[in-house]
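The next block holds one structure in the form of structure tokens; read it before the comments.
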Amino acid sequence: MMYSLARKLAPNRCRVVCACALILAALPASAQEFPTRTVRFIAPFAAGGGTDINTRRLADRLNKFWKQPVVVENLPGGGGNVAAASVVSRPNDGYTLFFASLNIVALNPLLYDRLPLDPDRDLAPIILFSDTPHVVMVSSTFPATKLSELIALAKAQPGSIKFGSGGRGTSQHLSGELLKMRVGIDLMHIPYKGSGAAVPAMLGNEIQMIFESISSAVGHIRGGRTRGLVVASKARAPILPDVPTFDESGVPGFYTGVWAGVLVRAGTPAAIVSALNHSINAAMNDPEYKKQLADIGINLIGGTPEQLSSYIASERKIWIPIIQKEGIKLQ
């Protein structure tokens, strides 16, 4: 799933960057000179949040790499569809980049009956930027201190444990439904308008648990107000080394989280796509930048456009059964 790809692609990163350098040398002059003016990142979330900050960090790296302005435009709303529609309304010249998430490019076609665009037809992949594992977070007063205890409580009192999310159809919601299916328990889903509202609800005992990205959860856990029961990654997260994985906790192969990719409008010239892929791979390979994100639990991935395309397809295969079983549809 999401987090596991970081390890799978890690040995290839140096080869990808070296190969990109050779590709760039062979590009037409127009692509080698790209960009010659301001590049815009369209971000489908409000300014000031964690993902927005990460987008701006990447924009800053590319600004230094290209010696051209890179501007972030925040267009939240519609489950990411507002931002996506804006991207496909602009010229396919590579000067408008889309910083997209799992839901927008992989899940929205499954969740919405009507969309203002077809992500497969109207968007072209550039690179898988990052992924961040989920951690199952509960309040510090919750009686379960490990996953097996949570499962036992849920089985003893079906439907009594409420899990929150940032909304129906989000990765948090789907991860909770996947856990229910995998271990045979009944949890009650309580959606909120953004995960920023779900965490205070948990602290106020409106809900008992939440699948939260580790980068957002770490501050609460270290502060002692919440507890991390289990992390949805192959290995323990360095920033929360005492929190076991699902594999260690008796639920093998449970890897969920949030990931981000960079895309452009379909029809962007192949030479420009290659130039963008090279530039972002190179920017991501900066040791200082890697450490900045690793320190908050975000794993940089990189790779080729084809790898992002394959990853989107693999994610859909994972989540289609959950969406269909639960009848999850959004308006």
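Counting with the working numbering, you get residues 21 to 351 for the letters of the sequence shown. All C-beta atoms, glycine included, are put in the ideal place defined by N, C-alpha and C.
Those residues which DSSP pairs with residue i across a bridge
{"i": "Pro220", "result": "Pro220 is not bridged to any residue."}
{"i": "Glu226", "result": "Glu226 pairs with nothing; no bridge assigned."}
{"i": "Arg247", "result": "Val158"}
{"i": "Ala280", "result": "Ser121 and Ser150"}
{"i": "Asn92", "result": "The sequence shown places Val at residue 92, not Asn. DSSP output for Val92 lists Phe61 as bridge partner(s)."}
{"i": "Leu320", "result": "Ser150"}
Boundaries (first-last residue) of the alpha helix (DSSP H) holding residue i
{"i": "Phe274", "result": "Counting along the chain, Phe274 falls outside any alpha helix (DSSP H), and DSSP gives it neither H nor E."}
{"i": "Asn301", "result": "Ala290 to Met304"}
{"i": "Gly239", "result": "Ile234 to Arg242"}
{"i": "Ile210", "result": "Element bounds for Ile210: not the alpha helix (DSSP H) but the beta strand (DSSP E), Met208 to Pro211."}
{"i": "Ser106", "result": "Asn101 to Val108"}
{"i": "Lys349", "result": "First-last for Lys349: undefined, no H or E at that position."}
{"i": "Glu53", "result": "Run containing Glu53: none; DSSP gives neither H nor E here."}
Cβ shell of residue i (< 6 Å), same chain only, five flanking positions each side left out
{"i": "Leu336", "result": "Looking at the sequence provided, one finds Arg at residue 336 rather than Leu. Closer than 6 Å at Cβ, skipping near neighbours: Ala126."}
{"i": "Ala103", "result": "Ile62, Pro64 and Leu95"}
{"i": "Leu44", "result": "For Leu44, the pLDDT reaches just 47, beneath the cut-off of 50, and the residue's location in the model is therefore unreliable, although a value from the coordinates is still provided. Taken in chain order, the residues that qualify are His298."}
{"i": "Ala41", "result": "At Ala41 the pLDDT is 49, less than 50, meaning the model places this residue with poor confidence; the figure from the coordinates comes in the next sentence. Cβ neighbours of Ala41 beyond the five flanking positions: none."}
{"i": "Val59", "result": "Val90 and Tyr115"}
{"i": "Val108", "result": "Leu137, Asp142 and Arg285"}
{"i": "Ala79", "result": "Phe61, Val90 and Val92"}
Reduced DSSP category for residue i - H, G, I as helix; E, B as strand; rest coil
{"i": "Val263", "result": "coil"}
{"i": "Leu47", "result": "For Leu47, the predicted structure reports a pLDDT of 48, less than 50, and the residue's modelled location is therefore unreliable. A value from the coordinates is still provided. Three-state result, Leu47: coil."}
{"i": "Phe162", "result": "coil"}
{"i": "Thr116", "result": "strand"}
{"i": "Ala63", "result": "strand"}
{"i": "Ile73", "result": "helix"}
{"i": "Ala41", "result": "Note that Ala41 scores 49 on pLDDT, short of 50, meaning its location in the model is unreliable and no value can be drawn from it."}
{"i": "Leu85", "result": "Correcting the residue type first, residue 85 is Phe in the shown sequence and not Leu. Phe85: helix per DSSP, three-state reduction."}
{"i": "Pro129", "result": "helix"}
{"i": "Leu137", "result": "coil"}
{"i": "Ala252", "result": "coil"}
{"i": "Ala286", "result": "coil"}
Residue interval of the beta strand (DSSP E) (run including residue i)
{"i": "Lys182", "result": "Lys182 to Ser185"}
{"i": "Leu167", "result": "Premise fails: Leu167 lies in the alpha helix (DSSP H), Leu167 to Ala176, not in any beta strand (DSSP E)."}
Nearest residue (CA-CA) to residue i, options the options
{"i": "Pro220", "options": "Asn101, Ala79, Arg245 and Ala280", "result": "Arg245"}
{"i": "Glu346", "options": "Ile241, Asp267 and Arg188", "result": "Arg188"}
{"i": "Val155", "options": "Gly239, Ala290, Gly214 and Ser329", "result": "Gly239"}
{"i": "Ser160", "options": "Leu82, Asn225 and Asn101", "result": "Asn225"}
{"i": "Asn301", "options": "Thr324, Ala280, Gly287 and Val284", "result": "Thr324"}
{"i": "Ala176", "options": "Leu131, Ala67, Asp206 and Leu249", "result": "Asp206"}
{"i": "Thr317", "options": "Ala280, Thr276 and Ser233", "result": "The amino acid occupying residue 317 in the given sequence is Gly; Thr does not appear at that position. Looking at the Cα atoms, Ser233 is the closest of the given residues."}
{"i": "Ser185", "options": "His209, Thr75 and Ile259", "result": "His209"}
{"i": "Lys310", "options": "Ala252, Val284 and Ser150", "result": "Ser150"}
Sequence-distant residues of its chain with Cβ nearer than 8 Å to residue i (five each side left out)
{"i": "Ile342", "result": "Leu194, Glu197, Leu198, Met201 and Ile348"}
{"i": "Asp267", "result": "Lys254, Gly273 and Phe274"}
Close beta carbons around residue i, own chain, < 7 Å, minus the five adjacent residues each side
{"i": "Phe54", "result": "Gly114, Ile292 and Ala295"}
{"i": "Val203", "result": "Ile171 and Val271"}
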